[in-house]
Amino acid sequence: AVAGVGYGGYSASSTWFDADSDGLLDLFVANYLQVDVSDYRICHEPATTGAKLAIPCPPWTYPGDPDRFYRNLGDGRFADETVDRGIAAVDAAHGLGVVVGDFDADGDVDLYVANDADLNHLWMNDGEGQFEELGLLAGTAVNADGAREAGMGVAAGDVTGDGLPELFVTNYFAETNTLYRNEGTYFVDGTASAKLAGPSINYTGFGLGFADFNNDTLLDLYVANGRVGRNNKAIVQSDIFAEPNQLFVGESAGRFTEAILAGGTDPTLIENSRSAAFGDYDNDGDVDVVIVNNGGTARLLRNRSGASSKSFRMRVLDRSGRDAIGAMVGMRQGPTWQWRCVGTSYSYLSSNEPFVHFGLGRDAVDGIVVKWPSGTEQAFDVGSIPLPQTTSGVTHLNEGSRR
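Heads up: the sequence shown begins at 188 in my numbering, then just goes up one per residue.
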């Protein structure tokens with residue numbers, strides 16, 4: 188409260204980012220719904236699914252809770268500028284996931300919010316820290332059928348290799364998760380063409396993340412699943428809400444194939460998963476995953492790819508020495524570019540490693556470019572960048588310097 192961010196609502200996710208390019212990280216908070224413990228309601232599934240089961244009521248039982256924007260004043264305090272910045276211009280929704288990125292490649296940081304059973308919100312930044320909600324116009328508010336979905340988690344990643352980040356949202360059982368392919372000035376629902384629709388339709392997705400798990404230069408996708416209702420026959424008798432998590436291996440042209448081992452583990456873990464956080468915890472050159480399960484044991488999934496592959500890990504810092512949240516980092520090998528988004532706040536109720544990770548495959552690094560949140564673009568002299576000699580090494584890229 189002393190810092191000015193003491194709003195007492197039902198907050199779900201948040202992200203730091205520099206909205207107005209003043210070198211200070213501002214705060215956006217996605218809020219879920221307005222509920223009082225004295226008015227908490229319990230719903231029941233129909234008897235056709237067996238004995239009636241008490242479950243949380245659907246989000247539309249309660250009104251949505253407005254999201255909040257807090258401007259960093261630079262002295263440890265923040266000002267609630269939700270109205271001034273345009274965030275209050277739309278009706279309150281049921282926000283669960285939030286991710287930042289330069290979604291229209293205009294040199295500033297935008298926001299995307301996954302809303303539960305509401306229109307998803309795409310907040311486009313005008314470069315001065317003023318926002319306009321363009322989800323419906325841009326094609327990210329609903330799926331290809333024009334239907335609202337139960338947006339849970341969200342992540343951004345350039346799966347097509349054109350330097351523009353796609354958006355991926357996890358949804359409820361029978362809806363499929365949704366991949367919004369970035370076409371520059373608008374998005375299209377590319378879930379089916381990416382081969383991600385069929386594998387997700389029977390599950391409820393929550394945490395997720397794009398990463399090159401096998402260091403082959405292509406982004407892969409991990410999704411944590413778990414039910415909130417008893418939709419069909421239990422997969423395992425010990426937990427009627429348990430579902431297998433899923434690992435999708437990236438192919439060319441932005442397509443994916445589900446790994447034969449569900450979730451990439453042997454034996455398959457079938458649990459009621461929620462959060463998923465990503466980072467190379469053991470510094471062996473590959474991205475690991477931490478899973479938080481609802482009412483169960485957390486899992487650390489250690490990636491074994493690093494010993495047989497090459498990678499490059501960078502920390503990208505702006506002129507203030509802070510993580511350049513929202514920057515796009517490009518690495519060239521021959522004629523081919525890989526692009527990564529800088530950010531820690533994605534997935535579902537998770538915080539992730541601040542580094543960007545590139546799988547190198549078999550090729551050397553020929554070029555590095557950073558599109559900074561300040562609106563500038565900087566090419567780095569690869570010869571001046573000390574590439575790590577071990578998998579645990581991290582290279583720092585500093586805005587305005589040669590390295």
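Cβ coordinates follow ideal geometry from the N, Cα and C atoms, glycine included.
**Asked** Taking the continuous beta strand (DSSP E) assigned at Ala241, which residues delimit it?
**Response** Ala241 to Pro243
**Message:** Could you pull the DSSP bridge partners for Asn364 from this structure?
**Reply:** Asn364 is not bridged to any residue.
**Request:** Determine the burial state of Asp205: buried for a count of at least 16 other Cβ atoms within 10 Å of its Cβ, exposed for fewer.
**Result:** buried
**Request:** Locate the beta strand (DSSP E) running through Leu323, then write down its first and last residues.
**Result:** Where Leu323 is concerned, there is no enclosing beta strand (DSSP E), although the alpha helix (DSSP H) it sits in stretches over Gly322 to Ala325.
**Request:** Please say whether Val477 and Met501 have beta carbons closer to each other than 8 Å?
**Result:** no
**Request:** Name, in chain order, the residues that DSSP records as bridge partners for Arg486.
**Result:** Ile478
**Message:** DSSP has Gly546 in a bridge; who is on the other side?
**Reply:** Ser498
**Neighbour-count burial assignment, Lys558, 16 or more Cβ in a 10 Å radius** = buried
**Message:** Using 8 Å as the threshold, is the C-beta distance between Ser462 and Val479 below it?
**Reply:** yes
**Message:** Suppose you measure from the CA of Gly530 to the CA of Arg509; what does that come to, to the nearest Å?
**Reply:** 12 Å
**Prompt:** Ile229 by DSSP, collapsed to three states: which one?
**Reply:** strand
**Backbone secondary structure at Val224 - three-state DSSP** = helix
**Request:** Hey, could you find the ends of the beta strand (DSSP E) Ile555 is sitting in?
**Result:** Gly554 to Lys558
**Item:** 7 Å Cβ shell around Tyr390 - same chain, five flanking residues per side excluded
**Value:** Phe360, Asn412 and Glu430
**Prompt:** Which residue's Cα is closest to the Cα of Cys230: Ala241, Thr365 and Asp223?
**Reply:** Ala241
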